[in-house]
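Novice:
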Amino acid sequence: MMMKRLKSRKLGFVLALLFLINSMMSLKFVAYSSAEQTSSKKKYIEYNFENKSVSPLVKHPSNVTLKVTNSTYAEGLYSVLVAGRKNVRDGVVVDITKLLDFSREYEISFYAMQATKKLQRISAILEILDSSGKNQLIVAEKVLLPNIWTRVSGKIQAYNYKKAKKINLIVNMPTSKSDSFYIDLLAIKDLENAYVLKQENFENKNTGGFLPEDKNCKIALTKDKAYSSTYSLKVQPSQKSKNGKVFFPIKGLLQKSRTYDFSVLVYQDSSKPVSFLAGIKINDGKSTKEIVLTKQNVTPKKWTELVATLDLDTKFSAKDVSFFVKPAVAIPYYIDLYSIADENWGQPIPDYNLPSLCEKYKNYFKIGVAVPYRALTNPVDVEVIKRHFNSITPENEMKPESLQPYEGGFDFNIADEYIDFCKKNNISLRGHTLVWHQQTPSWFFTNPETGEKLTNSEKDKKILLDRLKKHIQTVVGRYKGKVYAWDVVNEAIDENQPDGYRRSDWYNILGPEYIEKAFIWAHEADPNAKLFYNDYSTEDPYKREFIYKLIKNLKAKGVPIHGVGLQCHISLDWPDVSEIEETIKLFSKIPGLEIHFTEIDISIAKHMTEDDDAYTRYLLIEQAKKLKAIFDVLKKYKNVVTSVTFWGLKDDYSWLKGDLPLLFDKDYQPKFAFWSLIDPSVVPEE
1017 MMMKRLKSRK LGFVLALLFL INSMMSLKFV AYSSAEQTSS KKKYIEYNFE
1067 NKSVSPLVKH PSNVTLKVTN STYAEGLYSV LVAGRKNVRD GVVVDITKLL
1117 DFSREYEISF YAMQATKKLQ RISAILEILD SSGKNQLIVA EKVLLPNIWT
1167 RVSGKIQAYN YKKAKKINLI VNMPTSKSDS FYIDLLAIKD LENAYVLKQE
1217 NFENKNTGGF LPEDKNCKIA LTKDKAYSST YSLKVQPSQK SKNGKVFFPI
1267 KGLLQKSRTY DFSVLVYQDS SKPVSFLAGI KINDGKSTKE IVLTKQNVTP
1317 KKWTELVATL DLDTKFSAKD VSFFVKPAVA IPYYIDLYSI ADENWGQPIP
1367 DYNLPSLCEK YKNYFKIGVA VPYRALTNPV DVEVIKRHFN SITPENEMKP
1417 ESLQPYEGGF DFNIADEYID FCKKNNISLR GHTLVWHQQT PSWFFTNPET
1467 GEKLTNSEKD KKILLDRLKK HIQTVVGRYK GKVYAWDVVN EAIDENQPDG
1517 YRRSDWYNIL GPEYIEKAFI WAHEADPNAK LFYNDYSTED PYKREFIYKL
1567 IKNLKAKGVP IHGVGLQCHI SLDWPDVSEI EETIKLFSKI PGLEIHFTEI
1617 DISIAKHMTE DDDAYTRYLL IEQAKKLKAI FDVLKKYKNV VTSVTFWGLK
1667 DDYSWLKGDL PLLFDKDYQP KFAFWSLIDP SVVPEE
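Sequential numbering from 1017 applies to the sequence shown in our numbering.
Here it is, written out as C-alpha cells:
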C-alpha cells in the first residue's frame, strides 16, 4: 500500500491504482552543470553488469567460475553467477584501491541471492595490504534467505588506510563450500551519496537494463543527444504499434516502509509539447497493474527532468516491480540520467522477510516481547511485533504508578490500547505487574488524614490492605478474560535477609501477608487468569530456594498461584546454563506449576571495548551461543515452560543503555542471537 505524501515541490498528476496503492507524486525541473556531473561520478561508482561483463569482479581463487546471467537479477537484466566453489572462502575479489579517496568515508553495497534450500551467510571482507603485511576485517555480512535478493552494505573508513599499498574487497559465502550465489549492482559511494540506490547515465555503452514493452520498438545508445556526457538512450516506437513505453526492472531494490525518489531526464524534438507519463508496474503474483506516478508536458528540444516520489508502507508486497516511461503519443525520444534515491537512507528498517520466531516455536511455548507504548504507535515496530511475537508485556504501562497515579484516579487509556492491539492482532497479553516495591506511588503508603507514612499498626494495615485490594480487583476485573497471565507479585524476595523477604514498604507494614492477599484478590477478580510470582537472579541457588519455599508454602495454603516467572536478566559470564536448568528442575517439583521466562536479555557490556568492532562481533557470537544453549534447555522442559519473553524489541529500546542485549540491533537488523534461534548453522563458529 502507498501512503499519501505531500511535498513542497510542485505537485504532479495523481493517479491511484492497485488496492495496495494511493499516492501523491511530485515533479520538478532541475538543470545540472557538467562540473556537478563530474563531481558526482567521482563519488558514485556502480557496476550493474548490464554490459554483460563480470568486471570488476575477479575469481577468488582461480577455480571459481564467474558468469553473467539473465536468469535472475536485482535490477536491470543481468547479474553475475559465482559458481565452482570448493571452499567456504571461495568467491570474488575486487581491487578497490584506485576507487577510493583516502580522506573520505564510503558505503560499499551490493545485492546478493542464493538459491539453496537453506539459509546462508554472505560476507564482505576488506583485505588491506601495507608494510605490516595483510590484514582482513569484515565490513558487511548478511544472512540470505533462499531466492530473495538482499542488499548487503557496510562502511569503509578509507582515511584509516592511507598507508595501504592495496585494498581488496572479497565476497564469499562462508556457510557453504560449494553452493553458488549471485551478485548484482555493486556500488561504492562516498557516504554523502549513500542515499542513491541506482544511477544510470549510459556511459558504460549499454542500455542499462531498459527494455521496450513492444518488441518492435527500438532502443539504442546514441550520441545524437546527451545531457552532459556522451551517450543517451534513444527510443524509436514502431509506426505499427505506436507503443513507446520503456521499463526498467527494479524488483530487488524496493523495501517496505521506505520513500523513494525516481528521476529521469527526457528529451523530444517534435514540433509541439508532448505529455510524458512515468510510474511503476507491479506484478503481485496474480496480475500486473500500472501506477502512474507523474504526468508532465515535455517541451521540444529541451531536457526535462521528471521526478516522482513513491511511498511504500509496511504492507507492500510484489513479486516483480518495474519503473516505466511512456509518451502520450508515439514519437522518438531520448532518456538520460536515470536514478533512484532512498529518502529514508540512514533510518532503520526491518527485514520483513525474516522467518517468524513465534512460528518457529509454536510447538514449544509462546514467544513474547516487552514493549513500551510508543511501539504500538510505530507502524514499523508493529510489523516486527506481529511477525515474531504472539505475547506481549507492557514494559511500564500496567505498573501501579501508571494505572493509579493518585488514589482513586485510575487511568486506563494506554492500558486499554494494549488490550485493543492484542485483540486486533490475535496476540496474548501478560499483565505486569500488580504489586512491586518500585514504581508504586507513595500515596499507597501514606496516611490519608495525617500525610505521614503508614506504620504496621492494625489501623494502618487495614488502610493499605484496602488500597491493595481495590487496586488489584479494579485492574484485574477490568481486564478479565483479556489478560492471560499476571505478574501478581514482583521481586518480593531478598536473599540477603535471614527469612528471604525483601524489606519493602509492603513487607514493613503488612509482613508476608500482602503476597497471599494479592493472589487471592487477583483470582477473585479473574478466576481464569494465570497468576505468577516474578523475580530476577532465580539462577542463584540461595535465592531460588527462598522463592521455591515461598511458592510451595502458598500452594500448601491453597493460595491460587499458577506459575513462577524467571526474569533471566543475565550476562555472558553469569549464570552458567546448567544453573538455569537446575532452576527449572527445582520449580518443576511443584505439581501443576507453570514456568514463564519473563524478561530475557543477555548483557555483553562488561566485555565491550570501544571502537573494536571485531571483538564486539565475537561477543555477539558468544551471546548467540549462550542463547541457543538456553533455548535447548527450555525446549527440553516444554511441558512446564509455556512462555518465553524478551525484555525489549531492539537494543536501543533496552533498559540496559549502551548494551547490546537483545535479538535485534537498533536498526531492526537480526543479530546472531536471533539466527541462533532460527538456524544456528549461519552463526559463525569463531
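Cβ coordinates follow ideal geometry from the N, Cα and C atoms, glycine included.
(1) Among V1400, K1335, E1219 and K1496, which one has its Cα closest to the Cα of T1238?
(2) Here's a check: name, in chain order, each residue in its chain whose Cβ is nearer than 8 angstroms to the Cβ of D1427, leaving out the five neighbours to either side.
(3) By a C-beta neighbour count over all protein chains shown, 10 Å radius and 16 as the cutoff for buried, is P1316 buried or exposed?
(4) What do you reckon, are the CB atoms on D1667 and P1677 nearer than 8 angstroms?
(5) Any contact of the stretch 1634-1646 with the stretch 1686-1702, i.e. 3+ C-beta pairs under 8 angstroms?
(6) Per DSSP, what kind of secondary structure is S1338 in: helix, strand or coil?
(7) By Cβ distance below 6 angstroms, which residues in the same chain neighbour V1504 in space, the five residues on each side in sequence not counted?
(8) Please name the residue in D1329, Y1354, D1106 and K1485 whose C-alpha comes closest to that of L1322.
(9) Can you look up N1429 in the DSSP assignment and give me helix, strand or coil?
(10) Report the three-state DSSP secondary structure of F1278 (helix, strand or coil).
(11) Going by Cα to Cα distance, which pick from M1129, A1128, Q1130 and T1113 is closest to Y1122?
(12) In three-state terms, what does DSSP make of R1137?
(13) Is A1640 helix, strand or coil by DSSP?
(14) How about G1497 and N1441: do their beta carbons lie closer than 8 angstroms?
(15) Do V1104 and K1193 have their C-beta atoms within less than 8 angstroms of each other?
(16) According to DSSP, is W1691 helix, strand or coil?
(17) Could you work out which residue in T1554, P1366, S1245 and I1199 is closest to F1613 when comparing CA atoms only?
(18) Confirm, please, whether the CB-CB distance from W1522 to H1448 is below 8 angstroms.
(19) Residues in its own chain within less than 7 angstroms of S1125 by CB, not counting five upstream and five downstream?
(20) If I follow the unbroken alpha helix (DSSP H) through R1403, where does it start and stop?
(21) Could you tell me if T1081 is buried or exposed, where buried requires 16 or more neighbouring beta carbons within 10 angstroms of its beta carbon?
(22) Comparing alpha-carbon positions, which option in K1158, D1556 and D1146 lies nearest E1511?
(23) Once DSSP output is grouped into helix, strand and coil, what is the label at N1217?
(24) For the stretch 1139-1156 against the stretch 1241-1252, do three or more pairs of beta-carbon atoms, one drawn from each stretch, fall closer than 8 angstroms, so that the two count as touching?
(25) With a threshold of 8 angstroms on Cβ separation, who are the neighbours of S1069 within its own chain once the five nearest residues in sequence on each side are excluded?
(26) According to the Cβ coordinates, are I1365 and F1278 closer than 8 angstroms?
(27) Would you mind reading off the limits of the alpha helix (DSSP H) that contains I1488?
(28) Taking all protein chains shown into account, decide if L1153 is buried (16 or more other Cβ within 10 angstroms of its Cβ) or exposed.
(29) For L1309 and I1296, which I take to be in contact (beta-carbon distance under 8 angstroms), what is that distance rounded to the nearest angstrom?
(30) Can you name, in chain order, every residue of its own chain whose Cβ lies under 7 angstroms from the Cβ of W1590, other than the five neighbours on each side?
(31) For a test of the three-state rule: what should DSSP assign to N1313, helix, strand or coil?
(32) Under the three-state reduction of DSSP, which class applies to L1676: helix, strand or coil?
(33) Checking 8 angstroms against the spacing of the C-beta atoms, do L1588 and E1638 come in under that value?
(34) Less than 6 angstroms between C-beta atoms, sequence neighbours within five positions excluded: which residues of the same chain meet that for D1200?
(35) Work out the CA separation of L1269 and S1697 for me, nearest whole Å.
(36) If you draw a straight line from the C-alpha of L1602 to the C-alpha of Y1564, how long is it?
Specialist: Quick look at the numbers:
(1) E1219
(2) S1418, L1419, Q1420 and P1421
(3) exposed
(4) yes
(5) yes
(6) strand
(7) L1450, A1534, F1535, A1538 and L1547
(8) Y1354
(9) helix
(10) strand
(11) T1113
(12) strand
(13) helix
(14) no
(15) yes
(16) helix
(17) T1554
(18) no
(19) R1167, V1168, S1169 and A1203
(20) P1395 to H1404
(21) exposed
(22) D1556
(23) coil
(24) no
(25) V1084
(26) no
(27) E1474 to R1494
(28) exposed
(29) 6 angstroms
(30) none
(31) strand
(32) coil
(33) yes
(34) Y1089, A1090, S1095 and Y1127
(35) 27 angstroms
(36) 8 angstroms
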